[in-house]
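Take a look at the structure set out below.
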Amino acid sequence: MLRIAIVDSLYESRRDILERVERYKRRRERMLGVSAFGSMQQLTIEYQYWSEYDLILMSLGEEDEARKVLAGAAEIRRLDDVVAMVLIAPDETHVRAGYRVGAADYLVRPLDDGKLFAALDRTLGADARGDGRDFLVPVGDGVEKVEEKQLIFIEQRSKTLVYHTASGDITADGTLEEAAQRLDERRFYALGRDRLLNLDFVESVRGSELQLGEQKLQLSGEEQKKLLGALNAYYAEVGI
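Here it is as structure tokens:
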């Protein structure tokens with residue numbers, strides 16, 4: 135059973151989110167475990183000792199409270215690099231901060247069932263942790279969502295990253311090291327210093343040519359040898 139944590143310092147707001155999640159469970163006929171917390175500190179303490187969640191819904195509130203919530207989110211992300219996070223905020227002020235903690239979605243109040251249900255559908259689409267999640271990347275003055283399972287490879291170009299996805303390319307700020315911290319380390323492989331490959335998209339390795347989805351990349355002899363070793367280890371682990 136998937137588990138959801140709700141964090142909101144205001145009782146009325148926390149109850150409103152909880153009631154919406156309960157309506158979602160009934161309408162989607164889903165078995166979900168739901169826990170509510172009045173602060174990120176309460177959730178963080180529980181997380182350190184015995185809990186693990188599939189999704190955390192976090193209400194940011196006013197400026198001081200938002201900073202505390204985001205600091206707690208960063209600590210939880212350190213403890214759990216898989217859990218999906220959805221931020222609920224009064225405006226778009228903290229959207230880039232959401233990117234830094236690996237938020238899967240960012241909802242602006244007023245909250246309604248349609249908005250929340252859509253976010254829950256997106257983040258709870260897979261019935262297992264680690265099947266791939268969505269995350270935000272900084273683009274210009276805002277952010278754009280990337281689906282891990284649709285990500286073919288990432289390429290570092292000077293001071294920007296190009297996310298090559300099944301639906302097109304996204305150019306964003308950041309470094310390859312930062313991107314790697316958000317991804318499933320089993321599935322993504324570092325090819326040299328400037329590319330991260332999704333091993334699920336490897337079609338073939340023939341000589342010096344790698345077929346990655348519809349893209350072809352050139353490999354050195356050493357790169358080919360290491361990549362084949364990584365593929366064999368990955369396939370053995372996931373049972374292919």
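Here my numbering runs 134 ahead of the position in the sequence shown, where the first position is 1.
Glycine included, each C-beta is placed from N, C-alpha and C at the ideal position.
Does residue i pass the burial test, meaning 16 or more other C-beta atoms within 10 Å, or should it be called exposed?
| i | result |
| --- | --- |
| residue 282 | buried |
| residue 299 | buried |
| residue 362 | exposed |
| residue 204 | buried |
| residue 189 | buried |
Cα separation between residue i and residue j?
| i | j | result |
| --- | --- | --- |
| residue 258 | residue 273 | 25 Å |
| residue 331 | residue 302 | 16 Å |
| residue 206 | residue 213 | 11 Å |
| residue 307 | residue 233 | 11 Å |
| residue 137 | residue 256 | 15 Å |
| residue 393 | residue 344 | Missing from the structure shown is residue 393; the chain here goes from 135 to 374 and no further. |
| residue 263 | residue 156 | Any reading at residue 263 must be qualified, since the residue scores a pLDDT of 45, below 50, and its modelled position is unreliable; the value itself is stated next. Those two C-alpha atoms are separated by around 21 Å. |
| residue 340 | residue 358 | 9 Å |
| residue 293 | residue 167 | 42 Å |
| residue 260 | residue 368 | Low local confidence applies: a pLDDT of 49 at residue 260 is under 50, so the model's placement there is unreliable, with the coordinate-based value given in what follows. Taking the straight line from one Cα to the other gives about 21 Å. |
| residue 252 | residue 335 | 28 Å |
| residue 209 | residue 173 | 13 Å |
| residue 349 | residue 231 | 33 Å |
| residue 291 | residue 164 | 43 Å |
Assign residue i to one of three DSSP states: helix, strand, or coil.
| i | result |
| --- | --- |
| residue 299 | strand |
| residue 157 | helix |
| residue 187 | coil |
| residue 254 | helix |
| residue 337 | strand |
Taking the continuous alpha helix (DSSP H) assigned at residue i, which residues delimit it?
| i | result |
| --- | --- |
| residue 204 | 197 to 213 |
| residue 230 | 229 to 234 |
| residue 314 | 310 to 314 |
Since residue i is in the beta strand (DSSP E), which residue starts that stretch and which ends it?
| i | result |
| --- | --- |
| residue 287 | 285 to 291 |
| residue 272 | 268 to 273 |
| residue 163 | Residue 163 -> no beta strand (DSSP E), and no H or E assigned at all. |
| residue 141 | 136 to 141 |
| residue 223 | 218 to 223 |
Using C-beta distances below 7 Å, list every residue in its chain close to residue i, excluding the 5 sequence neighbours before and after it, in chain order.
| i | result |
| --- | --- |
| residue 142 | 148, 151, 193 |
Please return the same chain residues whose Cβ sits closer than 6 Å to the Cβ of residue i, not counting the five positions on each side in sequence.
| i | result |
| --- | --- |
| residue 160 | none |
| residue 337 | 345 |
| residue 187 | 137, 139, 217 |
Could you name the residues of the same chain whose beta carbon sits closer than 8 Å to that of residue i, not counting the 5 residues immediately before and after it, in chain order?
| i | result |
| --- | --- |
| residue 237 | 207, 219, 220, 221, 269, 270 |
| residue 304 | 271, 273, 278, 280, 296, 297 |
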